[in-house]
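Student:
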Amino acid sequence: MNLSDINAFAILEVPLKSKTNATILYNALLPETESISSDRAISKISLKDSILIVQIEANDLTALRASLNSYTAWIEACISTLESVDKS
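The numbering used here applies: residue 2 is where the sequence shown begins, and numbers increase by one.
1. By DSSP, does Ser81 sit in helix, in strand, or in coil?
2. From what residue to what residue does the alpha helix (DSSP H) around Leu17 run?
3. Would the segment 72-79 count as touching the segment 24-32 if we require 3 or more Cβ pairs under 8 Å?
4. Buried or exposed: where does Val86 fall if 16 or more other Cβ atoms within 10 Å of its Cβ makes it buried?
5. State the Cα-Cα distance for the pair Leu62 and Ala9, rounded to the nearest angstrom.
Below, the structure is given as structure tokens:
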């Protein structure tokens with residue numbers, strides 16, 4: 002996919018309790034950005050202090066929505082796991 006094919010994009014900024022938690026989440030999601038599961042959307046993740054930033058570029062809204070749904074589900078699962086570990 003090249004940039005001329007991009008018709009939709011989104012940026013998610015996820016503030017976390019600590020930079021450690023942000024790094025854990027970053028490392029958990031990184032393999033998803035390195036594997037090519039679709040030629041309709043690409044994603045990049047980065048960290049800014051304790052904020053995880055997910056950038057998704059897609060060539061249509063359906064692909065963007067599917068990627069957003071996947072990332073939000075993965076992020077929710079990771080945060081839930083981190084909160085469970087913090088309680089123990």
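For glycine and all other residues, C-beta sits at the position ideal for the given N, C-alpha and C.
Tutor: According to the structure shown:
1. helix
2. Run containing Leu17: none; DSSP gives neither H nor E here.
3. yes
4. exposed
5. 6 Å
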